[in-house]
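Here is the structure we will look at.
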Amino acid sequence: MTKSPTVSLRGISSMATKALLHALSQQFLADTGIQVSIESVGGVDAAKRVEGGESFDMVFLAADAIERLQANGHLQTGSRCDWVRSSVAVAVPVGAPQPHIDTEEQLKAVVNAAGKLSYSTGPSGNYLATLFERWGMLDTLRPRIVVPPPGVPVAKLLAEHQVDLGFQQRSELLHQPGVCVLGDLPPEIAYTTVFSAGAGSAAAHDAVRLQAVMDFFEFISADKQRACKQSFGMS
1 MTKSPTVSLR GISSMATKAL LHALSQQFLA DTGIQVSIES VGGVDAAKRV
51 EGGESFDMVF LAADAIERLQ ANGHLQTGSR CDWVRSSVAV AVPVGAPQPH
101 IDTEEQLKAV VNAAGKLSYS TGPSGNYLAT LFERWGMLDT LRPRIVVPPP
151 GVPVAKLLAE HQVDLGFQQR SELLHQPGVC VLGDLPPEIA YTTVFSAGAG
201 SAAAHDAVRL QAVMDFFEFI SADKQRACKQ SFGMS
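Read in our numbering, the sequence shown has 176 at position 176, and its numbers run on one by one without any break.
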């Protein structure tokens, strides 16, 4: 890793990687003296803000969103870095029955029996909508689906008993008060999101800032971060 003069970097991310990025930013600060501040919001809102011209040194979103932003000129060409993977998990409120979801048929029955259910927006939410449609259940489920407001995690809806069943990135459900994680989606229908990073406009014409950004990308994607990522339910 190249040592850069002390700078402060500003980034934006989706909620799924909020806690992990905070932990990695603190490690990076201790190692390099470079301050990294990352605002975490709903992924759709984050992409809109970047598309709207808001200036960031770094953007952390699902790989397809980073690719689109880069293709449209909102991120620097060639700066994309795939740095972590996260699976979609299933959860219920603490104290609720904990049904088995080991197979697709078991999960299908659990979904069918749920009073209210919720899943996040973005790639994982689109996948679940497609899955429910393939099951022939989407029209039946639609009135029972609670869409969380931007920036509000499904875990909050579960903990407050606003929904009976929730789907979200494992990292956003793990260790949340009031939430019991049943497990990841069954293997035959598992869904994994690759999260990527890209260099934003704020670092475009500043070689020192850009070097610091690249150093941070190298740091978060290094093999030595494997244990840290696993502790947040990611890989």
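Backbone N, C-alpha and C fix where the C-beta goes; we use that ideal spot for every residue, glycine too.
Would you mind giving the Cβ-Cβ distance between Thr6 and Ile38, rounded to the nearest angstrom? I have them listed as a contact below 8 Å.
Going by Cβ atoms, the distance from Thr6 to Ile38 rounds to 18 Å, so no, they are not a contact pair.
From Arg80 to His161, what distance separates their C-alpha atoms?
Each residue's Cα considered, the two are about 39 Å apart.
Consult DSSP for Thr192 and reduce its assignment to one of helix, strand or coil.
In the structure shown, Thr192 sits in a strand (DSSP, three-state: E or B).
Could you pull out every residue in the same chain whose Cβ sits closer than 6 Å to the Cβ of Val194, ignoring the five residues on either side in sequence?
Only Ala63, Asp82, Arg85 meet the Cβ criterion.
Could you tell me the alpha carbon to alpha carbon distance between Leu75 and Gly125, rounded to whole angstroms?
Going from the Cα of Leu75 to the Cα of Gly125 covers about 25 Å.
Out of Gly200, Leu117, Ile220, Lys116, point me to the one whose CA is closest to Ser55's CA.
Comparing Cα-Cα distances from Ser55 to each of Gly200, Leu117, Ile220, Lys116, the minimum goes to Gly200.
With a threshold of 8 Å on Cβ separation, who are the neighbours of Val77 within its own chain once the five nearest residues in sequence on each side are excluded?
Checking the sequence shown, residue 77 turns out to be Thr, not Val. Gln70, listed in sequence order.
Do Gly233 and Val90 have their CB atoms nearer than 9 Å?
No, the pair does not count as a contact, with Cβ atoms beyond the cut-off.
Excluding the 5 residues preceding and the 5 following Phe217 in the sequence, name in chain order all residues of the same chain whose CB lies nearer than 6 Å to its CB.
Excluding residues within five positions, the ones whose Cβ falls inside 6 Å are Cys81, Ala197.
Can you say whether Ala222 is buried or exposed, counting buried as having 16 or more other CB atoms within 10 angstroms of its CB?
Ala222 is exposed by the Cβ-count criterion.
Find out if the Cβ-Cβ distance for the pair Pro187, Ala159 is shorter than 9 Å.
Not closer than 9 Å, so no.
When the distance is taken between beta carbons, is Phe60 closer than 9 Å to Leu29?
Not in contact: Leu29 and Phe60 (Cβ atoms no closer than 9 Å).
For the beta strand (DSSP E) containing Met58, name the first residue and the last one.
Note, Met58: beta strand (DSSP E), 58-62.
At which residues does the alpha helix (DSSP H) containing Asp82 begin and terminate?
No alpha helix (DSSP H) contains Asp82, which is instead part of the beta strand (DSSP E) from 81-93.
May I ask you to report which of helix, strand or coil DSSP gives Ser8?
If DSSP states are grouped into helix, strand and coil, Ser8 belongs with the strands.
Using the Cα positions of Ala204 and Arg68, report the straight-line distance between them to the nearest angstrom.
Whole-angstrom Cα-Cα distance: 18 Å.
So is Gly115 buried or exposed if we call it buried at 16+ other beta carbons inside 10 Å?
Flag for Gly115 reads exposed.
Which residue comes first and which comes last in the alpha helix (DSSP H) that contains Val163?
Note, Val163: premise wrong, no alpha helix (DSSP H); not H, not E.
Below 8 Å on the Cβ atoms is my contact criterion, and I expect Leu157 with Val110 to pass it. Report the Cβ-Cβ distance as a whole number of Å.
Actually they do not touch by this definition, with Cβ atoms about 17 Å apart.
So which of Ser25, Ala23, Leu24, Ser13 has the shortest CA-CA distance to Ala47?
Nearest C-alpha to Ala47: Ser13.
Taking all protein chains shown into account, decide if Pro143 is buried (16 or more other Cβ within 10 angstroms of its Cβ) or exposed.
Answer is exposed; the Cβ neighbour count stays below 16.
Apart from the five residues just before and just after Ser87, which ones in its own chain have a Cβ nearer than 6 Å to its Cβ?
Closer than 6 Å at the Cβ level, and outside the excluded window around Ser87, lie Arg170, Asp184, Thr192.
If you follow the beta strand (DSSP E) that Val111 is in, where does it begin and where does it stop?
Per DSSP, Val111 belongs to no beta strand (DSSP E); it is in the alpha helix (DSSP H), 104-113.
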